[in-house]
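Residue numbers (full-length UniProt numbering): 1 to 241. Just below is one structure, and these are the notes that go with it.
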Ligand SMILES: NC(=O)c1ccc[n+]([C@@H]2O[C@H](COP(=O)([O-])OP(=O)(O)OC[C@H]3O[C@@H](n4cnc5c(N)ncnc54)[C@H](OP(=O)(O)O)[C@@H]3O)[C@@H](O)[C@H]2O)c1
């Protein structure tokens, strides 16, 4: 029970990695706070956690809308009194190049993958600062890391740009919080099997040879989250062998 009574917000937890992290957090005794837009998916994850006697609640929130984020964080505080961990995981896929992409999709990608996560963090941060304790865990991608295998040009496309924004933000946030006990991690997984590519209507969205198992990635996230308070894993890159 390594997360006993910890309140853990997981954005984008109706499917994929966020869903798998939610089950592991619940198994470790954490109070799971699910956040996404699709109620049907959130309810399914909540029901599964309740069946296994875990503590969970969901909140429907589009992280592109700062007013929805503010209301959601207020509701979470009212229900759980405190927040211990924020996992910024919500994201969408796009493989178009910045110059070629439909401007609406470009905006959607940045407003979700970058600005939405940044805004969520700044709504939660006052609660962390008030206790001088807390953990911001940013799920980014190898597309937002320099020291990864080369071989494709994803890093220079829209998705890569949105993820690099998060890499820069994570670094800036770590500097901003250097004299506090609040931890910040940037987590950079390579491809894994989730709903990411299906939701973006990409061909062959599952079971590709380059994909890792989502449960394996969730296991690593749990390992990092459950280190002692004075041990920080600042950055981790995980790729398919
Ligand atoms: N799969 C990969 O190969 C891979 C590799 C590296 C990094 N990642 C990153 O891992 C994270 C999790 O993705 P995944 O692969 O697990 O994909 P996924 O199964 O599609 O999960 C993404 C989650 O984000 C939510 N979401 C999307 N837009 C949102 C919004 N505006 N507001 C709130 N929630 C929103 C989705 O739910 P709703 O649509 O219902 O809101 C869903 O729950 C993403 O940041 C992704 O970029 C994925």
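Glycine included, each C-beta is placed from N, C-alpha and C at the ideal position.
- DSSP places residue 121 within a helical segment (H, G or I) once states are collapsed to three.
- For residue 3, no beta strand (DSSP E) encloses it, and the DSSP letter there is neither H nor E.
- When DSSP reads this structure, residue 57 sits in a beta bridge with 33.
- Put simply, the segment 80-97 touches the segment 7-19. At least three CB pairs are less than 8 angstroms apart.
- Contact annotation: residue 145 and residue 241 have beta-carbon atoms that are not nearer than 9 angstroms.
- In the DSSP assignment, residue 238 is bridged to 189.
- Fewer than three beta-carbon pairs drawn from the segment 41-49 and the segment 92-111 are found closer than 8 angstroms, and the two stretches are therefore not classed as touching.
- Nearest to residue 199 by C-alpha distance, out of 24, 37, 75, 20, is 37.
- Using a cutoff of 8 angstroms, the CB of residue 17 counts as near ligand 1, since one of the ligand's heavy atoms is closer than that.
- Per DSSP, reduced to three states, the secondary structure at residue 27 is helical.
- Bridge pairing for residue 98: absent [DSSP].
- With respect to the 9 angstroms criterion, residue 53 and residue 25 are not classified as neighbours on the basis of their beta carbons.
- Secondary structure at residue 212: strand, using DSSP grouped into helix, strand and coil.
- Sequence-distant Cβ neighbours of residue 116 in its own chain, meaning closer than 7 angstroms and more than five residues away, are 63, 64, 90.
- Distances from the CA of residue 183 to each of 193, 86, 202 were compared; the closest alpha carbon is that of 86.
- For residue 173, the CB contacts under 8 angstroms within the same chain, skipping 5 residues up- and downstream, are 121, 136, 184 in chain order.
- Straight through space, the alpha carbons of residue 239 and residue 61 are spaced by roughly 30 angstroms.
- In the three-state DSSP reduction, residue 180 falls in the coil class, being neither helix nor strand.
- Annotated three-state conformation of residue 14 is coil, per DSSP.
- The beta carbon of residue 25 sits no closer than 8 angstroms to any heavy atom of ligand 1.
- Taking a C-beta distance under 9 angstroms as the contact criterion, residue 229 and residue 133 qualify as a contact pair.
- Between residue 162 and residue 110, the CB-CB gap stays under 9 angstroms.
- By the CB criterion at 9 angstroms, residue 34 and residue 214 fall outside the cutoff.
- Take residue 119, set aside five residues on each side of it, and the residues of its chain with a beta-carbon closer than 6 angstroms to its own are 66, 69, in chain order.
- Taking the Cα positions, residue 82 is about 33 angstroms away from residue 191.
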